[in-house]
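Undergrad: Mind looking over this structure? Questions follow.
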Amino acid sequence: MNSSYKEIWNIILDSLSKKYSEDIMNLWFNNFELVHLDESSAFIVTDEAGFVDLLNKRYAGQISSVFKDVLGFDVDVKIFYKKTFSLDSAKAALQNEKHAKIVSEPVVNREKSDDVFFESKNRKEQTDEPDSAYTFKNFIVGSSNKFAYAASVAIAEHPYANENNPLFIYGASGLGKTHLMKAIANEVSSNHPEYKIIFVTGEDFTNEFVDSLMKKTTAKFKEKYRNVDMLFIDDIQLIASKEQTQEEFFHTFNALYNSHKQIVMTSDKLPNELQGLEKRLVTRFEGGLLADIQPPDTELRIAIFKSKAMAMHVDIPDEVLTYIAENTKSNVRQIEGVIKRLGAYSFINGVPITIENAKNLLSGIITGPMPPEVIAENVIKRVSEFYNIPVNDIKSKRRTKEIAQARHVSIYVINHVTSMTLENIGKIFGRDHSTVLSSITVVNTQIKQNASFEHDINNLIKEFST
-8 MNSSYKEIWN IILDSLSKKY SEDIMNLWFN NFELVHLDES SAFIVTDEAG FVDLLNKRYA
52 GQISSVFKDV LGFDVDVKIF YKKTFSLDSA KAALQNEKHA KIVSEPVVNR EKSDDVFFES
112 KNRKEQTDEP DSAYTFKNFI VGSSNKFAYA ASVAIAEHPY ANENNPLFIY GASGLGKTHL
172 MKAIANEVSS NHPEYKIIFV TGEDFTNEFV DSLMKKTTAK FKEKYRNVDM LFIDDIQLIA
232 SKEQTQEEFF HTFNALYNSH KQIVMTSDKL PNELQGLEKR LVTRFEGGLL ADIQPPDTEL
292 RIAIFKSKAM AMHVDIPDEV LTYIAENTKS NVRQIEGVIK RLGAYSFING VPITIENAKN
352 LLSGIITGPM PPEVIAENVI KRVSEFYNIP VNDIKSKRRT KEIAQARHVS IYVINHVTSM
412 TLENIGKIFG RDHSTVLSSI TVVNTQIKQN ASFEHDINNL IKEFST
């Protein structure tokens, strides 16, 4: 057994001995050998050929939990017969197993309302227990999210609906919108166990409503959603363009609002920017408190990296944290993956984390200064997402009002965040210098006339300037 693997396995055995009897330890675990460990998997071999399937079924999950406790990150544990073990074959087998699991994953029957996970402390069947990890204490606050944070805390402290109803938190994916919503729900659930709270995604709300139509159980659906103390809808934009779902949500919203019940929603855009969202819903959403979350600046990214590293028990020097934060534009969700990767590398190889090995390990993430042409393409992709218009259309000769607007904005932002000449910007869109200048003039005029539009443009520029 590799010496470092042996040392790690001895630690795992020590933890297992606290969970299992001496007989079990001697019968199985003490005879296992750790032969491979990386940031995502651990391979163990045994001489018991006839018991491999049983051991995997009964103990692999338990051993995986111990690895997580010891290492601070998840690994998939797989047990193999020692004499036929091959590292390449083992990796392929694990990959195939994951794929098969995804393909065969059963559709969850939502009829039992398993999304009502904060209804009462007395409910034993709640299935979303891990969400209790989302709190205000472990949400890192900075200039880019402090307003949304303050609004969320205010609602958690005063959960009865007031002038902040509804609370509408918006911003790009991975910046902490869902974290804040779950933090509110956890706080209220802890302080008011009698509160009935539903937390659901826009997609699940839609699917459940459609299911109720098919099964003719709409009365039950309405009773469920209109008789709660707080309703949380994550990614509300997913109900846009779905007429019947919007109709139902409109009446659900009114029922709760008129009963002074708090509603909290998240979205990737402002209400009036959600294409396909009915005007009456836009009006109601805008009638509450709108709170945006922007991409974290360098200082906030450093703070988030440091907090995540401490939580995962990964020792990363400050200079490495600063280097990573300055050279990545990672959202909060991606940051956890970076920390896990560094932690696994340090632990498995028994070396400290330095700027040099961070550069090598994170070469796919940290790429140094990005070429302006690449930034330009990323801007177009972001604008494409924002306006829900394909990149090819933005670059095309098509001149519909929507496409032209997305093209104008793309050109304007590229001009602000790169050093490219107007001629080179024009080449991206198959246009000349004067046309690019005209687009910039158009956007400048719109900015002067529309404060909301100016806010959007500034946010887009900020995403590529931090």
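Take the sequence shown: its letter number 222 is residue 213 in the numbering used here, and every next letter is one higher.
Glycine included, C-beta positions come from ideal geometry on N, C-alpha and C.
Shortest alpha-carbon distance to N136 belongs to which of E393, E148, P308 and G165?
TA: For this step, residue 136 is matched to residue 145 along the sequence shown. Comparing Cα positions, the closest option is G165.
Undergrad: Which residue from V434, H399 and V365 puts its Cα closest to that of S410?
TA: Reading the sequence shown from its first residue, position 419 is the one you call residue 410. Nearest C-alpha to S410: V365.
Undergrad: From I146 to I175, what does the alpha carbon distance come to, in whole angstroms?
TA: For the purposes of this step, residue 146 is taken as residue 155 along the sequence shown, with counting starting at 1. For the purposes of this step, residue 175 is taken as residue 184 along the sequence shown, with counting starting at 1. Each residue's Cα considered, the two are about 7 Å apart.
Undergrad: From K297 to A124, what does the alpha carbon distance come to, in whole angstroms?
TA: Taking the sequence shown and counting its residues from 1, one reaches residue 297 at position 306. Taking the sequence shown and counting its residues from 1, one reaches residue 124 at position 133. C-alpha separation (whole angstroms): 17 Å.
Undergrad: Can we say the stretch 386 to 400 touches the stretch 337 to 348, given the rule of at least three CB pairs closer than 8 Å?
TA: Output reads no: the stretch 337 to 348 does not touch the stretch 386 to 400.
Undergrad: How far does the beta strand (DSSP E) with A282 in it extend, from its first residue to its last?
TA: Position 291 of the sequence shown, counted from the first residue, corresponds to residue 282. Where A282 is concerned, the enclosing beta strand (DSSP E) stretches over L280 to D283.
Undergrad: Which one or two residues does DSSP pair with Y161 in a beta bridge?
TA: Taking the first residue of the sequence shown as position 1, residue 161 is located at position 170. The partner list for Y161 (beta bridge, DSSP) reads S258 and D283.
Undergrad: Any contact between the stretch 61 to 73 and the stretch 19 to 35? By contact I mean 3 or more CB pairs, one from each, below 8 Å.
TA: Cβ pair count under 8 Å is three or more, so yes.
Undergrad: Please determine if the stretch 392 to 400 and the stretch 430 to 440 are in contact, where contact requires at least 3 C-beta pairs separated by less than 8 Å.
TA: Yes, since at least three Cβ pairs between the stretch 392 to 400 and the stretch 430 to 440 fall closer than 8 Å, the two stretches touch.
Undergrad: Pair every Cβ in the stretch 175 to 191 with every Cβ in the stretch 274 to 286, then say whether three or more of these pairs are closer than 8 Å.
TA: No, they do not touch.
Undergrad: Apart from the five residues on each side of it in sequence, which residues of its chain come closer than 7 Å, Cβ to Cβ, to T243?
TA: The count along the sequence shown starts at 1 and reaches residue 243 at position 252. Excluding positions up to five away in sequence, the list reads Y216 and R217.
Undergrad: Can you list, in chain order, the residues of its chain with a C-beta nearer than 6 Å to that of H407? Leave out the 5 residues immediately preceding and following it.
TA: Counting from one through the sequence shown, the residue named residue 407 turns up at place 416. Correct list, in chain order: I452.
Undergrad: Cα separation between P285 and Y314?
TA: Taking the sequence shown and counting its residues from 1, one reaches residue 285 at position 294. Taking the sequence shown and counting its residues from 1, one reaches residue 314 at position 323. The amino acid at residue 285 is misidentified as Pro; the sequence shows Gln. Rounded to whole angstroms, Q285 to Y314 spans 21 Å at the Cα level.
Undergrad: With distances taken from CA atoms, which of E264, E290, N21 and E214 is nearest F444?
TA: Within the sequence shown, numbered from 1, the residue matching residue 444 stands at position 453. The shortest Cα separation from F444 among E264, E290, N21 and E214 belongs to E264.
Undergrad: Name the residue from V201, Q235 and F190 whose alpha carbon lies nearest to the alpha carbon of D226.
TA: Counting from one through the sequence shown, the residue named residue 226 turns up at place 235. Of the candidates V201, Q235 and F190, the one whose C-alpha sits nearest the C-alpha of D226 is F190.
Undergrad: Determine the closest residue to T75 out of I35, Y50 and A442, with distance taken between C-alpha atoms.
TA: Here residue 75 refers to the residue found at position 84 of the sequence shown. Ranking the options by Cα distance to T75, first place goes to I35.
Undergrad: Measure from the alpha carbon of Y248 to the alpha carbon of each residue in D306, F20, F127 and N155, then state which is nearest.
TA: In the sequence shown, residue 248 corresponds to position 257, counting from 1. For the residues D306, F20, F127 and N155, the minimum Cα distance to Y248 belongs to N155.
Undergrad: Once DSSP output is grouped into helix, strand and coil, what is the label at T265?
TA: Position 274 of the sequence shown, counted from the first residue, corresponds to residue 265. As written in the sequence, residue 265 is Leu, which differs from the Thr given in the question. Of the three classes helix, strand and coil, the one that applies to L265 here is coil, per DSSP.
Undergrad: Determine the direct distance from the alpha carbon of V61 to that of I2, and round the result to whole angstroms.
TA: Position 11 of the sequence shown, counted from the start, is the residue given in the question as residue 2. Position 70 of the sequence shown, counted from the start, is the residue given in the question as residue 61. Approximately 8 Å between the Cα atoms of the pair.
Undergrad: Touching or not, the stretch 410 to 426 and the stretch 363 to 380, by the rule of three or more beta carbon pairs under 8 Å?
TA: Contact holds: three or more Cβ-Cβ distances are below 8 Å.
Undergrad: Between which two residues does the beta strand (DSSP E) carrying M221 extend?
TA: What you label residue 221 is simply residue 230 of the sequence shown in a count that begins at 1. Segment M221 to D225, the beta strand (DSSP E) holding M221.
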